[in-house]
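Enquirer: So the protein sequences, as listed, match chains A and B.
Here UniProt numbering is used: the first residue of the first sequence is 1, the next is one more, and so on.
Here UniProt numbering is used: the first residue of the second sequence is 1, the next is one more, and so on.
No residue lacks a Cβ here, since even glycine has one placed at the ideal position from N, Cα and C.
Protein chains: 2
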Amino acid sequence: MTEELTVAVVGATGAVGRKMIETLEARRFPVKTLVPMASSRSAGKSVTFRGENVTVVEAQPEAFKGVDIALFSAGAKTSRALSPEAARRGAVVIDNSSAFRMDPEVPLVVPEVNGRAALGHHGIIANPNCSTIQMVVALKPIYDRFGIERIIVSTYQAVSGAGARAVEELMTLTRLQLSGEKRPAEILPVSSLPVHHSIAFNVLPQIDVFEDNGFTKEEMKMVNETRKILDDPEILVTPTCVRVPVVTGHSEAVYVETKEPFELEDVYGVLEHAPGVVVLDDPASQKYPMPADTEGRPEVFVGRIRKDLGHPRGLNLWVVSDNLLKGAAYNAVQIAELLVEQGGLR
Amino acid sequence: MTEELTVAVVGATGAVGRKMIETLEARRFPVKTLVPMASSRSAGKSVTFRGENVTVVEAQPEAFKGVDIALFSAGAKTSRALSPEAARRGAVVIDNSSAFRMDPEVPLVVPEVNGRAALGHHGIIANPNCSTIQMVVALKPIYDRFGIERIIVSTYQAVSGAGARAVEELMTLTRLQLSGEKRPAEILPVSSLPVHHSIAFNVLPQIDVFEDNGFTKEEMKMVNETRKILDDPEILVTPTCVRVPVVTGHSEAVYVETKEPFELEDVYGVLEHAPGVVVLDDPASQKYPMPADTEGRPEVFVGRIRKDLGHPRGLNLWVVSDNLLKGAAYNAVQIAELLVEQGGLR
Numbered sequence: 001m002t003e004e005l006t007v008a009v010v011g012a013t014g015a016v017g018r019k020m021i022e023t024l025e026a027r028r029f030p031v032k033t034l035v036p037m038a039s040s041r042s043a044g045k046s047v048t049f050r051g052e053n054v055t056v057v058e059a060q061p062e063a064f065k066g067v068d069i070a071l072f073s074a075g076a077k078t079s080r081a082l083s084p085e086a087a088r089r090g091a092v093v094i095d096n097s098s099a100f101r102m103d104p105e106v107p108l109v110v111p112e113v114n115g116r117a118a119l120g121h122h123g124i125i126a127n128p129n130c131s132t133i134q135m136v137v138a139l140k141p142i143y144d145r146f147g148i149e150r151i152i153v154s155t156y157q158a159v160s161g162a163g164a165r166a167v168e169e170l171m172t173l174t175r176l177q178l179s180g181e182k183r184p185a186e187i188l189p190v191s192s193l194p195v196h197h198s199i200a201f202n203v204l205p206q207i208d209v210f211e212d213n214g215f216t217k218e219e220m221k222m223v224n225e226t227r228k229i230l231d232d233p234e235i236l237v238t239p240t241c242v243r244v245p246v247v248t249g250h251s252e253a254v255y256v257e258t259k260e261p262f263e264l265e266d267v268y269g270v271l272e273h274a275p276g277v278v279v280l281d282d283p284a285s286q287k288y289p290m291p292a293d294t295e296g297r298p299e300v301f302v303g304r305i306r307k308d309l310g311h312p313r314g315l316n317l318w319v320v321s322d323n324l325l326k327g328a329a330y331n332a333v334q335i336a337e338l339l340v341e342q343g344g345l346r
Numbered sequence: 001m002t003e004e005l006t007v008a009v010v011g012a013t014g015a016v017g018r019k020m021i022e023t024l025e026a027r028r029f030p031v032k033t034l035v036p037m038a039s040s041r042s043a044g045k046s047v048t049f050r051g052e053n054v055t056v057v058e059a060q061p062e063a064f065k066g067v068d069i070a071l072f073s074a075g076a077k078t079s080r081a082l083s084p085e086a087a088r089r090g091a092v093v094i095d096n097s098s099a100f101r102m103d104p105e106v107p108l109v110v111p112e113v114n115g116r117a118a119l120g121h122h123g124i125i126a127n128p129n130c131s132t133i134q135m136v137v138a139l140k141p142i143y144d145r146f147g148i149e150r151i152i153v154s155t156y157q158a159v160s161g162a163g164a165r166a167v168e169e170l171m172t173l174t175r176l177q178l179s180g181e182k183r184p185a186e187i188l189p190v191s192s193l194p195v196h197h198s199i200a201f202n203v204l205p206q207i208d209v210f211e212d213n214g215f216t217k218e219e220m221k222m223v224n225e226t227r228k229i230l231d232d233p234e235i236l237v238t239p240t241c242v243r244v245p246v247v248t249g250h251s252e253a254v255y256v257e258t259k260e261p262f263e264l265e266d267v268y269g270v271l272e273h274a275p276g277v278v279v280l281d282d283p284a285s286q287k288y289p290m291p292a293d294t295e296g297r298p299e300v301f302v303g304r305i306r307k308d309l310g311h312p313r314g315l316n317l318w319v320v321s322d323n324l325l326k327g328a329a330y331n332a333v334q335i336a337e338l339l340v341e342q343g344g345l346r
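Right under this line is the structure:
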């Protein structure tokens with residue numbers, strides 16, 4: 001990493017954008033110039049990078065001149081409008097929105113799982129959905145060793161995945177409820193939909209809008225993105241995505257049916273050597289992953305590893321990771337690092 | 001229900017005991033005399049029944065003289081010591097603890113599912129575990145119509161299931177965290193174990209102690225009790241039991257594989273006509289069960305009903321119920337009603 005780069009962060013004032021800037025700094029990414037961008041509403045604000053204030057500029061096509069890498073986290077609409085503009089001006093876009101994830105021309109990349117795919121980009125690389133990333137990091141070593149026939153997963157997703165306003169709503173409604181008051185929710189489960197439900201001391205079995213098959217868009221992301229990342233259109237995924245009153249850290253109860261039979265000690269073996277995975281599994285001393293402990297950590301934590309009681313090839317896992325880091329900002333910066341190291345810039 | 005009965009509630013000052021007394025009153029159970037009982041520590045306190053204060057007496061063998069029905073909810077140790085004493089003195093015991101659930105001589109009863117089994121008692125009837133009750137109520141109509149091969153279930157369990165002190169801990173630690181403070185947990189996940197984890201804005205993948213197979217006792221209850229209640233030792237159950245920061249109302253993401261193929265409209269049909277079940281499933285208007293809405297309701301709510309994307313006999317459900325009512329107090333009183341109506345007293 002000798003070359004020094006101009007790096008844009010689009011959505012720099014949002015929850016994930018801020019984490020992207022922090023991660024660039026913490027990982028000592030070779031940034032010559034940081035260009036924080038946001039909508040006109042937030043332009044003029046400033047962000048801190050390496051101890052200095054950097055002014056946020058408006059995200060618009062001309063702003064991408066001279067940018068080498070553009071990390072986008074400003075929603076699908078902005079990505080659809082501006083990613084091609086950035087790419088046309090020579091930047092490689094790493095996009096955290098859902099805009100291009102299922103585009104066959106766009107690689108969908110988790111570096112520990114399919115890093116090589118990133119090098120086949122045509123200017124845009126997609127960052128998968130948070131709930132998918134942590135699951136495939138945990139499952140990839142099992143997939144490689146034993147094969148995977150199917151996955152049944154229930155999620156316990158943190159509120160920060162729905163943005164900073166949703167976190168404020170969690171805090172406000174929880175505080176009110178503790179003093180015996182109630183106020184109607186306005187953001188969760190989906191801010192753009194008409195009906196809202198309070199997340200305070202509650203769980204919401206809806207993340208994103210519903211599709212015709214009864215699954216939500218979030219659930220279908222887990223189905224389709226897992227297939228694309230593992231490059232296996234046969235793999236069966238059954239998700240139930242649920243929001244819980246946790247600020248940061250998604251948890252997942254994952255049931256897997258392998259193709260080949262396995263011994264539990266070999267599952268431990270492959271997971272303990274897997275990149276990006278930390279095995280935290282000691283029932284005797286009550287050690288298992290929990291969101292409160294994984295906040296701020298970049299790895300994917302796996303525990304409660306146990307053989308199914310009935311199915312001979314059934315395996316159960318409990319997978320937890322920081323949804324803003326490995327689920328978003330950290331994964332995006334890892335992709336940028338991979339491009340630098342392997343000559344994937346333009 | 002003409003005969004008027006003497007009804008003891010053991011553990012009368014606890015969370016479930018109080019709900020039992022409320023339920024006896026609300027359901028107009030034919031109580032002539034209510035005998036609230038508790039440990040010597042709580043004896044002398046009083047509880048309210050039909051607008052009057054009733055003094056709590058110490059739970060001890062002689063106190064059961066003349067008692068027709070004794071509802072126990074004071075933990076397995078108390079049940080083991082006192083249930084046989086109560087039964088010996090002519091009471092029918094309905095026990096909410098785990099003490100006798102797997103005893104082949106003791107019926108394990110959910111009235112909507114296997115009510116008839118109650119009549120075969122020898123003085124003691126067991127009330128199943130809360131997480132099992134709501135699942136079997138939702139699955140029984142599906143089991144009867146299509147058969148069930150296997151169940152994979154992830155739970156989102158409320159803190160009140162761990163008792164009043166655990167609820168206090170949730171409240172206190174949440175309040176502290178909102179003001180930026182932390183204090184170590186002392187109760188959850190299992191008060192008698194050495195390690196405690198804060199439930200505030202967190203989820204705990206442990207309910208009850210671990211067994212050698214890597215599953216918790218709570219999870220094994222779901223396996224074994226489901227088999228006993230459905231009288232089907234072949235049925236495969238894979239549970240992951242998780243505590244979430246909710247006060248009351250357990251939620252469950254349930255995947256079922258039926259034996260016979262099914263049409264989704266027939267699943268709706270059998271569920272809509274099933275006793276004790278309320279179907280709440282309208283994605284277009286964002287209607288689905290949530291713990292905040294089911295508190296205080298005696299039914300089991302089912303939503304997010306959808307066909308699996310891969311397995312032709314796979315069915316997904318989201319099941320929510322008040323863990324203190326149908327999961328405990330209400331189910332116990334229903335059993336008492338069944339005994340009165342069908343001549344099951346001694």
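#1: List, in order along the chain, the chain A residues whose C-beta lies closer than 7 angstroms to that of asparagine 316/B?
#2: Give me the residue from Ile125/B, Lys19/B, Ser73/B, Gly163/B with the minimum Cα distance to threonine 48/B.
#3: At 4 residues or longer, and completely inside the stretch 261-289 of chain B: list those alpha helix (DSSP H) runs for me, N to C.
#4: Can you tell me whether proline 275/A is buried or exposed? The criterion is at least 16 other CB atoms within 10 Å of its CB, across all chains shown.
#5: Going along the chain, which unbroken runs of the alpha helix (DSSP H) with 4 or more residues stay wholly within the stretch 192-263 of chain A?
#6: Beta carbon of arginine 346/B, beta carbon of glycine 90/B: below 8 angstroms?
#7: Using a Cβ cut-off of 8 angstroms (strictly closer), state whether threonine 174/B contacts chain A.
#8: DSSP on residue 348/A, reduced to helix/strand/coil?
#9: Rounded to whole angstroms, what is the Cα-Cα separation between methionine 1/B and valine 279/A?
#10: Over what stretch of residues does the alpha helix (DSSP H) that includes serine 179/B continue unbroken?
#11: Whose CA, out of Val113/A, Gln134/A, Gly344/A, lies closest to the CA of glutamate 299/A?
#12: Using a Cβ-Cβ cut-off of 6 angstroms (strictly less than) and excluding sequence neighbours within five positions of phenylalanine 301/A, which residues of its own chain qualify?
#13: Once you ignore the five residues that flank lysine 65/A on each side, which residues in its own chain have a CB closer than 6 angstroms to its CB?
#14: Can you pull the chain A neighbours of methionine 290/B, defined as C-beta to C-beta under 8 angstroms?
#15: Between Glu257/B, Arg41/B, Pro194/B, Arg50/B, which has its C-alpha nearest lysine 32/B's C-alpha?
#16: Given a cut-off of 8 angstroms on the beta-carbon distance, is the pair alanine 118/A and valine 109/A in contact?
#17: Only counting the same chain, and skipping five residues up and downstream in sequence, which positions put a Cβ closer than 6 angstroms to that of leucine 315/A?
#18: Taking the alpha-carbon positions, what's the glycine 44/B to valine 56/B distance?
#19: Quick check: the Cα distance between glutamate 186/B and glutamate 4/B, rounded to an integer number of angstroms?
#20: Can you name the residues of chain A whose CB is closer than 7 angstroms to the CB of proline 245/B?
#21: Note down, in chain order, every chain B residue with its Cβ under 7 angstroms from the Cβ of valine 223/A.
#22: Express the C-alpha separation of isoleucine 229/B and tryptophan 318/B in angstroms, rounding to a whole number.
#23: Quick one: give me the first and last residue of the alpha helix (DSSP H) that lysine 19/B is part of.
#24: Please confirm whether any heavy atom of the ligand MN lies closer than 7 angstroms to the CB of arginine 145/B.
#25: Should glutamine 286/B be flagged as near chain A, meaning a C-beta pair shorter than 8 angstroms?
#26: Quick one, which of Glu149/B, Glu168/B, Ala126/B, Ser131/B has its alpha-carbon nearest threonine 155/B's?
#27: Going along the chain, which residues of the stretch 118-134 of chain B sit with their C-beta nearer than 7 angstroms to a C-beta in chain A?
#28: Excluding five sequence neighbours on each side, which residues of the same chain lie with their C-beta closer than 7 angstroms to the C-beta of leucine 324/B?
#29: Please tell me whether phenylalanine 210/B has its Cβ less than 8 angstroms away from any Cβ of chain A.
#30: Residues in the same chain with beta-carbon distance under 6 angstroms from leucine 176/A, minus the five sequence neighbours each way, listed in chain order, please.
#31: Terminal residues of the continuous alpha helix (DSSP H) containing aspartate 144/B?
#32: How many angstroms separate the CA atom of glutamate 337/A from the CA atom of arginine 116/A?
#33: Cα separation between serine 191/A and aspartate 208/A?
#34: Skipping 5 residues on each side, what residues in its chain have a beta carbon closer than 7 angstroms to that of valine 136/A?
#35: Can you name, in chain order, every residue of its own chain whose Cβ lies under 6 angstroms from the Cβ of histidine 121/A, other than the five neighbours on each side?
Expert: In terms of the structure at hand:
#1: Thr238, Thr240
#2: Lys19/B
#3: 264-272
#4: exposed
#5: 217-230
#6: yes
#7: yes
#8: Only positions 1 to 346 of chain A appear in this structure, which leaves residue 348/A out of reach.
#9: With a pLDDT of only 45 at methionine 1/B, under 50, the local geometry of the prediction cannot be trusted, and no value is derived from it.
#10: Here serine 179/B belongs to no alpha helix (DSSP H), and DSSP marks it neither H nor E.
#11: Gln134/A
#12: Val278, Leu280, Pro289, Thr294, Val320
#13: Arg89
#14: His197, Asn202, Val203, Leu204, Pro205
#15: Arg50/B
#16: yes
#17: Val256
#18: 5 angstroms
#19: 44 angstroms
#20: Phe201, Pro245
#21: Leu309
#22: 20 angstroms
#23: 15-26
#24: Here there are no bound small molecules, and the ligand MN is not part of this structure.
#25: yes
#26: Ser131/B
#27: none
#28: Ala15, Val16, Lys19, Ser160, Thr248
#29: yes
#30: Arg183
#31: 130-146
#32: 12 angstroms
#33: 9 angstroms
#34: Val110, Val113, Thr226, Ile229, Leu230
#35: Pro107
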